[in-house]
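Chemist: Quick one: this structure, given as structure tokens, is what I'll be asking you about.
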Amino acid sequence: MTKLAQTSAQPAAVKPHVGKQDRHFVTALSRGLDVLSCFRSGSRLLGNQDISERCRLPKSTVSRLTYTLTKLGYLHYVKESGKYRLGTATLALGSAVLGRFEVRDLARPLMQELADLTGTSVSLGARQRLSMVYVEVCKGNAVLSLNSEVGMRLPLATSAIGRAYLAVCSDTERADLLEQIRELDHLAWPGIKQGIEKSLTMWSESGVCGSFGEWQPDVNGIACGFRPGNGLPPMAINCGAPAFKVSEEYLMTEVRPRLIDIVRRIEEGLGQAR
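Just so we're aligned, residue 1 is where the sequence shown starts under full-length UniProt numbering, counting upward by one.
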């Protein structure tokens with residue numbers, strides 16, 4: 001697994017020079033948030049060693065951070081396993097954020113309609129560092145679908161939803177993100193850059209970005225980015241399924257027009273709501 005592929009499995013460390021350049025930057029707070037970011041889908045219980053490896057921090061530092069986060073209720077210590085899980089304070093924060101996502105409530109029925117019509121998994125995502133995080137997931141009635149759930153992370157560089165975000169964010173933000181991706185894995189960068197550039201061209205020509213076996217060799221997907229407004233950063237919606245179930249042709253011919261249409265309806269709905 002390349003460093004780039006690992007960005008969806010662990011928090012991307014803040015650049016070492018950031019804290020030195022910015023006197024307002026609180027390194028201890030950043031590390032504490034990195035610890036919380038380690039808990040992803042499929043990682044409900046983590047020990048200090050697990051967290052140390054994911055955050056690339058000394059185990060002694062991690063021990064102090066997990067102790068403090070446990071005292072504050074953001075982590076819960078499970079004695080039976082000697083590991084930690086997210087605490088109620090963290091869950092309360094997450095619930096508060098999702099509860100205030102107007103776009104999520106508006107998008108959900110449209111996404112479910114699209115999932116049922118196309119037999120794909122349809123997900124709404126927002127960016128966190130070099131990953132896209134699912135904030136809503138709808139699945140069709142098909143027996144076989146992707147194992148997607150809220151909170152799942154996908155790499156910005158190789159997933160359709162990540163590339164769709166790159167297509168609609170500002171030029172300045174895109175340039176900064178691409179530089180971070182390049183620094184993360186110099187060896188993989190030429191191929192990654194080519195895939196991103198191809199997807200951005202695809203966006204300008206068809207209105208969607210794609211990833212056909214590039215994020216996962218057995219997964220095909222397309223995505224459409226949009227700006228929800230109301231102070232929110234860009235977001236994106238993707239449609240994906242196992243490659244043996246949906247082809248690139250099916251996604252581009254049958255699914256693409258429907259995906260673009262629901263994004264347009266979401267944008268119109270948000271405009272009316274504001």
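Positions of the beta carbon are idealized from the N, C-alpha and C atoms, including for glycine.
The model shown is predicted, which means the values in this text are computed figures rather than measured ones.
Three-state secondary structure (DSSP) at Pro155?
Modeler: strand
Chemist: Just tell me which of Thr27, Ser121, Gly151, Arg56 has its CA closest to the CA of Gly246.
Modeler: According to the sequence as given, residue 246 is Val; it is not Gly. Of the candidates Thr27, Ser121, Gly151, Arg56, the one whose C-alpha sits nearest the C-alpha of Val246 is Ser121.
Chemist: Put Gln194 into one of helix, strand or coil per three-state DSSP.
Modeler: helix
Chemist: Should Ser60 go down as buried or exposed, given a rule of 16 or more other Cβ atoms within 10 Å for buried?
Modeler: exposed
Chemist: So, is Asn238 buried or exposed, given that buried needs 16 or more other C-beta atoms within 10 angstroms?
Modeler: buried
Chemist: May I ask you to verify whether the region 250-263 touches the region 84-96, counting CB pairs closer than 8 Å and requiring at least 3?
Modeler: They do not touch, by the three-pair rule.
Chemist: So what does DSSP say about Glu136, is it helix, strand or coil?
Modeler: strand
Chemist: So, is the C-beta of Pro233 closer than 8 Å to a C-beta in chain D?
Modeler: Going by chain labels, chain D is absent from the structure shown, which holds only one protein chain.
Chemist: Three-state secondary structure (DSSP) at Leu110?
Modeler: When DSSP states are grouped into helix, strand and coil, Leu110 belongs to the helix group.
Chemist: I believe Ala107 touches Ile222 by the beta-carbon criterion, under 8 Å. Please report the beta-carbon distance rounded to the nearest angstrom.
Modeler: Between Ile222 and Ala107 the Cβ distance is about 16 Å, and since that is not below 8 Å, they are no contact.
Chemist: So for Lys71, helix, strand or coil by DSSP?
Modeler: helix
Chemist: Between Asp218, Cys138, Gly32, Asn147, which lies nearest to Ala243 when the distance is taken from Cα to Cα?
Modeler: Asp218
Chemist: Which of the three DSSP states, helix, strand or coil, is assigned to Gln128?
Modeler: Note: Gln128 maps to strand in three-state DSSP.
Chemist: Three-state secondary structure (DSSP) at Cys55?
Modeler: helix
Chemist: Go ahead and pull the three-state DSSP assignment for Leu86.
Modeler: Strand at Leu86.
Chemist: Given Leu124, which residues of its chain have a CB within under 6 Å of its CB, disregarding the five upstream and five downstream residues?
Modeler: Ala107, Val135, Glu136, Ile237
Chemist: Where does the unbroken beta strand (DSSP E) through Pro217 begin, and where does it stop?
Modeler: Premise fails: Pro217 is in no beta strand (DSSP E) and is neither H nor E.
Chemist: Check whether the region 191-199 and the region 146-166 are in contact - that is, three or more C-beta pairs closer than 8 Å.
Modeler: yes
Chemist: Identify whether Ile262 lies in helix, strand or coil by the three-state DSSP scheme.
Modeler: helix
Chemist: Helix or strand or just coil, what does DSSP make of Ala175?
Modeler: helix
Chemist: Cutting at 7 Å between CB atoms, please list the residues of its own chain near Ala89, excluding the five before and the five after it.
Modeler: Leu72, Gly73, Tyr74
Chemist: Answer with buried or exposed for residue 279, where buried requires no fewer than 16 other C-beta atoms within 10 angstroms of its C-beta.
Modeler: Since the first residue of the chain shown is 1 and the last is 274, residue 279 is not available in this structure.
Chemist: Starting from Gly231, trace the alpha helix (DSSP H) both ways and give me its first and last residue.
Modeler: Per DSSP, Gly231 belongs to no alpha helix (DSSP H) and is neither H nor E.
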